[in-house]
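Beneath this line is the structure, given in structure tokens, with notes to follow.
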Amino acid sequence: MADVGDLSLSGGGISSVAVKYGDSQLAIFHVPHKGYYATQQMCPHKRAFILEHGIVGDDPKSGEIYVSCPMHKKNFGLTSGNCLNDDAYSILTFDVKEEGKILVLLPDESDLDPVIGTSRWMVRQATAKVLDSGAQSVEIVGPPSESCSGGKLEW
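Under UniProt numbering, read the sequence shown as residues 1 to 155, first letter to last.
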């Protein structure tokens, strides 16, 4: 799937890389003295392909190693895939081993792509057409400003 040297170092000697498999994006993590981990790259909370940029830590209660999504700090166990701070979310995790290269045990692309494939979450043509219509701004329509503390914000 990747060469060991492909992982870029981040804080604490932990490294990560995003790779593409078929139409799916995966995040591979190396945690020194703990091993390699592979997950889907997409955070299910806001469907951002960003987990490889997350901060890796270990849960003080369970000791499970997790990645924290850099957008909204959902913590996903790198072994279980469970969200440690919100039971409504989870991610796919995959078995990994290193034999000169990083090897990831994955289902067939045809099985994985319908679940986490990048194109499933892309902006569709109809949406892109609206966005490409030339509009330079978005008008926000709401109640008059007097409804909010007489037009002044109060802290």
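Ideal placement from N, C-alpha and C gives every residue a C-beta, glycine not left out.
Where L51 is concerned, there is no enclosing alpha helix (DSSP H), because DSSP gives it neither an H nor an E. Sequence-distant Cβ neighbours of Q40 in its own chain, meaning closer than 6 angstroms and more than five residues away, are I91, L92, I116.
Shown here, G63 sits in coil according to DSSP, grouped into three states, outside any helix or strand. Between the alpha carbons of M42 and L51 lies a distance of about 6 angstroms.
Taking the C-beta atoms as reference points, T79 is found no nearer than 8 angstroms to E99. In the DSSP secondary-structure assignment, L26 is bridged to V19, Q40.
For I116, the uninterrupted alpha helix (DSSP H) run begins and ends at 109–116, by DSSP. Residue pairing of S90 in beta bridges, as defined by DSSP: N82.
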